[in-house]
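Asks: Residues 432 to 756 in the numbering used here are what the sequence shown spells out, letter by letter.
Cβ atoms here follow ideal geometry from the backbone N, Cα and C, with glycine treated the same way.
Quick caveat, the model's predicted, so the values are computed rather than measured.
Okay, here's the structure, questions in a sec.
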Amino acid sequence: MKKQIVLAFLCGMVIPMVMLAFHSNQKPRQIRDRESDGISITQPLERSYDAETQVAVQTDSGDVMQMQLDKYLTGVVLSEMPADFESEALKAQAAVARTYTCKRMNNSKHEDAVVCMDPACCQGYQSPEAYLEAGGTKDSIEKVRQAVVQTDSMVLTYDGALIDATYFSCSGGGTEDAVAVWGQDVPYLQSVDSPGEEDAPRYVESVSFTADEFLEMTGCSSSESPENWIGEVTYTDGGGVDTIQICGEEFTGIALRQLLGLRSTAFTVSFDGDSICIETRGFGHRVGMSQYGAQAMALSGESWENILAHYYQGTAIQSMEQQEN
């Protein structure tokens, strides 16, 4: 019988997947292209959707402030992705953050705000002033701002509706299906390869526990030696641990990640005497866009559009226009 853990959301999760049950009421419209000598050219926007759209943002203190969408998104990207990443990766992050924000405009979890600044609930946010105080540069702020400007109004949709644009730090080589993590199959959140992440600071991480620590943290008991504690292990399509037998009890990979504070569910278990060693690959829930994977694709010359098409397969990039009065 599986041991179920009733907790909030995974550490490192950026977007609470309760939002998967909702659909935005806003109607994005596909950008129309004009033809010039056989070349498809996207029509420039006549105005800035981001600059004209106001977002109610709940601060860390609980206050609610009205912000222009472009300024809010600049702070989100400054907080969520290293500013020294390639411009195409930053553009992909800006489009994903905009998609999330626009979807929340009609189905926010907050009574008086669209989003908050808590990355465990909504998205992280760092003001340019705070970024400078933390050692950032004005050039980096401008680089991020340009990524927002150059993707103005652009969002991701599936069958005409805004998607749940989940993202995370590093996959460890491959992303995970949404159904393996949250129990709901989502056609555009499927496992895909994510090569080139090896330079990510948390691509591989090892952690060790004494035998007593391991038993206490898992709530198990055994009189056998540790190497006999681990039984059958099953895996998801994305390479994460689906279930694992420990001292005769079955745990989900998600539950064990929570109990032991692991970086991801993509892990292996080994033994060194009375110590239990666990090696993880990747960091986060591993569903949607890998930020370090996006950087690897950008370094290889891929555009932000191709990055998003890879991680959210079957989606379209559309322009989010303000509703007509």
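Measure how close the beta-carbons of THR582 and ALA525 come, nearest whole angstrom, since I'm counting them as under 8 Å.
Replies: That belief holds up - the Cβ atoms of THR582 and ALA525 are roughly 5 Å apart, short of 8 Å.
Asks: Out of VAL610, ALA528, ILE594 and ALA561, point me to the one whose CA is closest to VAL579's CA.
Replies: Of VAL610, ALA528, ILE594 and ALA561, the residue nearest in Cα terms is ALA528.
Asks: Closer than 7 Å by C-beta to THR541: which residues in its own chain qualify, once you throw out the five before and the five after it? Chain order, please.
Replies: Sequence check: residue 541 is His here, not Thr. The residues are GLN489 and CYS547.
Asks: From TYR531, GLN554, GLN485 and ALA487, pick the residue whose C-alpha is nearest to that of MET512; which is it?
Replies: Answer by Cα proximity: GLN554.
Asks: Using the C-alpha atoms, what's the distance from LEU504 back to ASN456?
Replies: No answer about ASN456 holds up, because its pLDDT of 42 lies below 50 and its placement is not dependable.
Asks: Report all residues from its chain with a CB closer than 8 Å to the CB of ASN737; omit the five preceding and five following residues, and keep chain order.
Replies: So the qualifying residues of the chain are MET728.
Asks: What number of angstroms, rounded off, separates the C-alpha of GLY715 from the C-alpha of ILE572?
Replies: For GLY715 and ILE572, the distance between alpha carbons rounds to 26 Å.
Asks: May I have the straight-line CA-CA distance separating GLY614 from ASP608, to the nearest angstrom?
Replies: So the alpha carbons of these two residues sit roughly 9 Å apart.
Asks: I believe THR699 touches GLY671 by the beta-carbon criterion, under 8 Å. Please report the beta-carbon distance rounded to the nearest angstrom.
Replies: Not quite, the Cβ-Cβ distance comes to about 11 Å (not below 8 Å), so this is no contact.
Asks: Between the alpha carbons of GLU483 and SER558, how many angstroms are there, rounded?
Replies: So the alpha carbons of these two residues sit roughly 19 Å apart.
Asks: Mind pulling the beta strand (DSSP E) runs of 3 or more residues that sit fully within the region 589 to 628?
Replies: Within the region 589 to 628, no complete beta strand (DSSP E) run reaches 3 residues.
Asks: Okay, do the region 654 to 674 and the region 740 to 747 touch, 3+ Cβ pairs below 8 Å being the bar?
Replies: Touching, no.
Asks: I'd like to know whether the C-beta atoms of CYS651 and LEU593 end up nearer to each other than 7 Å.
Replies: Cβ distance not < 7 Å, so CYS651 and LEU593 don't count as in contact.
Asks: Among all the DSSP beta bridges, which residues are the ones paired with ILE748?
Replies: Partner(s): LEU587.
Asks: With distance defined between alpha-carbon atoms, name the residue in TYR531, ASP543, ASP501 and ARG478 nearest to GLY431.
Replies: Summary: the structure shown does not reach residue 431, with the chain confined to residues 432 through 756, and so no result is reported for it.
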